[in-house]
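Encoded as structure tokens, the structure appears first; notes follow it.
In full-length UniProt numbering, the protein residues as written are 1 to 319.
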């Protein structure tokens, strides 16, 4: 390039280009939230699967981890067994320094003795907290009276005897027909607690609700419907589990998301079986959701965490 004028123009272009394409450090996102939700672990826990989820979450470093219940196998009145199962869960969860918030499932509280143990050992059955101007409400869908738990035990034992003699007759037992097995129950006290929490936090940008059973699917249920009425006019999302199958629905104009499993039993008759976690982000006024299947988790070596290569994570692979 011998032409002096062309040299001058070229030099100017290089200078302009270097300025125009300068890269600045990103601005910090104010009020950003990132959290993970784990699905059902138990009700036929498959060994090693939850460790994959736990190790993967550890690498992702969320602000905290939420649950929709069924963290232990339960179904016992032996406190030593309860403690042993909870210790196993904590060991599998790992000590990452990431806060964890449990929810009650029907395996976590299967009877009145387990409820007493839960409140003494783990913490409150329902609670709430506010984080980054968002309200988090954790509910107990096993909120039955002691008398109901006593009657439930009798009906369950009767149903087991029927099943032993003729499995086909199990569905005709009183136990099998109980709506509470599918939908759970919310007490008046819990309803009032949740409504108070909502009323005390009128200006949060989003409300997240976590529970195990889909209580709103019971047409006769009134207490959760009263909570939904209180939520009218605000943005919220409800998460549940229990069915071991993923489902997304809209109800009252809001997202209701049913997680599948993070290690619980896979039922062949369910439509969407998968071991996964849900990743939730909120940096503005509306959250984003991403389901991450456990077989899609890969560490820096390209391997499934926690030696998970030999495990199966959905119905198609587990046949």
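Positions of the beta carbon are idealized from the N, C-alpha and C atoms, including for glycine.
What you are looking at is a predicted structure, and each value in this text was computed from that prediction instead of being measured.
Following the DSSP letters along the chain, one finds residue 265 in no alpha helix (DSSP H), marked with neither H nor E. Per DSSP, the unbroken alpha helix (DSSP H) holding residue 198 starts and ends at 188 to 199. Residue pairing by DSSP places residue 33 opposite 282 in a beta bridge. If the five residues before and after residue 287 are omitted, its C-beta is found closer than 7 Å to the C-beta atoms of 206, 237, 280, 281, all from its own chain and listed in chain order.
Taking a cut-off of 8 Å for Cβ pairs, the stretch 71 to 78 and the stretch 245 to 261 do not touch, as fewer than three such pairs fall below it. The alpha-carbon of residue 241 is positioned some 27 Å away from that of residue 169. Between residue 262 and residue 41, the beta carbon gap of about 6 Å places them in contact (Cβ cut-off 8 Å).
Between residue 39 and residue 276 the beta-carbon gap is near 7 Å, inside 8 Å, which marks them as a contact. Straight-line measurement puts the Cα of residue 307 at about 20 Å from the Cα of residue 61. Rounded to the nearest angstrom, the gap between the Cα atoms of residue 118 and residue 193 is 19 Å. Taking residue 204 as the centre and dropping the five residues before and after it, the same chain places the C-beta of 133, 134, 135 closer than 6 Å to its C-beta, in chain order. Contact between residue 104 and residue 294 does not hold, since the beta-carbon distance rounds to 24 Å and is not under 8 Å.
Residue 301 sits in coil when the DSSP states are folded into three classes, being neither helix nor strand. Nearest to residue 175 by alpha-carbon distance, out of 64, 84, 292, 160, is 160.
Taking every protein chain shown into account, the CB of residue 202 has fewer than 16 other CB atoms within 10 angstroms, so this residue is exposed. Between residue 226 and residue 191, the C-beta gap is smaller than 8 Å, which places the two residues in contact. Uninterrupted beta strand (DSSP E) stretches at least 3 residues long and entirely within the stretch 86 to 126 do not occur.
The alpha-carbon of residue 212 is positioned some 16 Å away from that of residue 265. One thing to note: residue 65 has its Cβ within 8 Å of the Cβ of residue 98. Positions of the alpha helix (DSSP H) runs, each at least 4 residues long and wholly inside the stretch 199 to 253, are given as 223 to 231 in order along the chain.
Residue state for residue 138 is assigned as strand, using DSSP reduced to three classes.
A straight line joining the alpha-carbon of residue 215 with that of residue 22 spans about 54 Å. Per DSSP, reduced to three states, the secondary structure at residue 174 is helical.
Cα atoms of residue 108 and residue 26: separation of roughly 44 Å, rounded to the nearest angstrom. Per DSSP, residue 67 is one residue of the beta strand (DSSP E) stretching across 64 to 67. Around residue 256, the same chain offers 238, 249 as residues with beta carbons nearer than 6 Å, after the five sequence neighbours per side are excluded.
Residue 148 and residue 304 have their C-alpha atoms spaced approximately 44 Å apart. Among the bridge pairs identified by DSSP, residue 291 is matched with 278. Residue 272: not part of any alpha helix (DSSP H); DSSP gives it neither H nor E.
Of the candidates 165, 163, 218, 164, the residue whose Cα lies closest to the Cα of residue 181 is 218. With fewer than 16 neighbouring CB atoms inside 10 Å of its own CB, residue 32 falls in the exposed class. Bounds of any alpha helix (DSSP H) do not take in residue 168, whose DSSP letter is neither H nor E.
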